[in-house]
Each structure stands twice: as C-alpha cells, then as structure tokens.
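Notes follow once the structure below has been shown.
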Amino acid sequence: AEKVFLLIDHEGPSYAMAVNKTNGETIWKTDRSGRMSWSSPSLLEIDGKPQLVASSAGSVDGYDPETGKQLWTYGDVGGNTAPTPIAAGKNQFLLGASPGPRGETRDQAARSNGLMRIEMQDGKPEAKLVWQAGKALSTFASPVVHQGFGYWVNQTGVVFCFDMQTGEEKYSERLAESCWATPVGIDDRIFFFGQKGNTTVIAAGPEHKQLAVNRLWEAEAAETNEGDRPSFGGRTQYGAVAVGDCLLVRTGDILYCVGK
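So the sequence shown is numbered by our numbering: it starts at 368 and just counts up by one.
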C-alpha cells in the first residue's frame, strides 16, 4: 500500500521499479532488456503472496514486490506491448497481444492471448499457458474476466468471449467502435468504451446480447479546440473504472463521472 510500481520499457535503458508513494523515493529498481512497450504491470496474488507481473514485448515476468527480485520469466510470447495482465482466479491471469502495425510478431501474437497459470515446480514458480484464445487479439484494451467468461477486443472492435474453464470460444461479434480503454464488468453486464465516445453495453454470459449503445459526448463537442490537439488525437476514451454507483471515464483532457 506504500508503493507505486512503474514499468519503463523502451529502446534505451529499461527497468521495473517501486517508489514510495508519499515522498517519491526509490525503494528498488531492477534492470530489464531494452524493448518498446506501453503496458502496465499488475500486482497479483500468486501462491498466496503478492507478485508484480509484467507482460511486455516478448516476455512475461514475475517480480517480488518487496525487493524487485525476478522470480520467473516466460518468453514464448510476442506483440504484448499494451495490454496489462488481468487477474483470473487462483494463480492465474489473462494475457493480451496483437501484431505490430506492419504485421511483425504476427505468429507470436496469435498464440499470446489466453489464460496463464503459475505453478510450483521443484519449489520454484513456473509460468504455463493453460489455453490460447483462438483468433482473439487484444490490441489496446486489456482482456477482462467477468462471471466466468473472458473477453478480448481487437483493433477493429470485434469482441471475443471465452469460457474461462475450458477455453472454448462462445462468440465473436463486432462492437460499435474499437476500444482503447479496458472493458469494465458490473453485475450482469460488460461495458466496452469505444474509442470515439460510444460505449457498448452487452450482457455477461456465453451468448451475445447487446443491451445499449450510449454516447458520452456530442460529436460537435469533440471538434471544439481540435487544433490544440495532435493530429493523431481527438477525444478518445482512454480509461474507465467503476467507483461506487458511478463510472469514471477519462479522455485525454477530461474526466467524466457517469451515474445511474
């Protein structure tokens, strides 16, 4: 609770680190090989203890959050440059990946989406891919698990649903928009926050049922002060989280609170 964990992966010196959230002092810093990645690490419970898990551009790694010591690594992955590992039951988490813009790492990315488990072998933790998520890819949004099913969203806005126990694909359907923000599961529904402001709400479960498509802002408002934004920008739903009875949704420069 007193630490903030950072993953700094780029073409220069790369590292994972923990800093004191009160005064910003470095608690530990562990060097990593240089790589381009935008993913964030996750603090997960593995074998009853917290571990910092980083999925980033060619490897998945586990660290002791107290010391920064690397505990295990898994290297048979690729294209995992944005999605964050998401807790999915005891000693398990979801992985997401997609090929680069020119199709690099296509073969590796195709087998880097699925359910990973950490098992103890001869007293040491070892990562194993339990099942692969078929043709599913996770480009910007991290995969999410809710009520026994896992969901991946690819670059074109197609959502894939899988049974968490068996890895069986239940459906693949197109959403209103592609998603950069990670979906949020609440009660019996999943919220998919479209890049340009349309949030698709579907029923949780093995059958696809669209419940609503909600517009967060008017199209005219998105064009206001467009000249002040970079050419690749415009208003985009980058992140969302459920807080109490509300959803907090962040764009590049605005924080929305959406209530019932």
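Glycine residues also receive a C-beta, built at the ideal position from the N, C-alpha and C atoms.
* To do: At 4 residues or longer, and completely inside the stretch 403-482: list those alpha helix (DSSP H) runs for me, N to C.
  => 473-477
* Asked: Looking at C-alpha atoms only, which residue of M487, A609 and C528 is the closest neighbour of A500?
  -> C528
* To do: Rank Y382, G490, G445 and P408 by C-alpha distance to the C-alpha of A454 and give the top, closest one.
  => P408
* **Whole-angstrom distance between S509 and M384, CA atom to CA atom** => 22 Å
* **Contained alpha helix (DSSP H) runs [length at least 4] in the stretch 486-542, N- to C-terminal order** => none
* Asked: How close, in whole Å, do the beta carbons of R402 and G425 come, if the pair is a contact with beta carbons under 8 Å?
  -> 6 Å
* To do: Along the beta strand (DSSP E) that carries L578, what are the first and last residues, could you check?
  => Q577 to R582
* To do: Please name the residue in V427, T523, V625 and K370 whose C-alpha comes closest to that of T448.
  => V427
* Leaving out five residues before and five after D489 in sequence, what residues of the same chain have Cβ atoms less than 8 Å from its Cβ? -> none
* **Residue environment, E585, which counts as buried when at least 16 other CB atoms sit within 10 Å** => exposed
* Asked: Taking DSSP as the reference, what is the three-state secondary structure of A609?
  -> strand
* A586, DSSP secondary structure in three states -> helix
* To do: Buried or exposed for D555, please, with buried defined as at least 16 other CB atoms from any protein chain shown within 10 angstroms of its CB.
  => exposed
* Strand pairing of A570, partner residues [DSSP] -> R556
* E640 versus N521 - alpha carbon distance -> Residue 640 lies beyond the stretch modelled for the chain, which goes from 368 to 627, so this question has no answer here.
* Asked: Given a threshold of 16 other Cβ atoms within 10 Å of its Cβ, counted over all protein chains shown, does S598 qualify as buried or as exposed?
  -> Model confidence at S598 stands at a pLDDT of 40, short of 50, so the residue's coordinates are unreliable; what they give is reported in the following sentence. Under this definition S598 is an exposed residue.
* Asked: I394 by DSSP, collapsed to three states: which one?
  -> strand
* **Residue from N480, L410 and L411 whose Cα sits closest to the Cα of M531** => N480
* Asked: Helix or strand or just coil, what does DSSP make of S545?
  -> coil
* Return the first residue and the last residue of the beta strand (DSSP E) that S381 is part of. => S381 to N387
* Residue of I485, F558 and P432 minimising C-alpha distance to K457 -> I485
* To do: Run the CB neighbour count on T533, radius 10 Å, all protein chains shown included, and call it buried at 16 or more, exposed below.
  => exposed
* Skipping 5 residues on each side, what residues in its chain have a beta carbon closer than 7 Å to that of K396? -> Y382, M384 and G435
* **Pick from A571, G415 and L461 that is closest to A421, judged by C-alpha positions** => L461
* Using the C-alpha atoms, what's the distance from G470 back to W519? -> 19 Å
* Asked: Which class does K370 belong to by DSSP, given the choice of helix, strand or coil?
  -> strand
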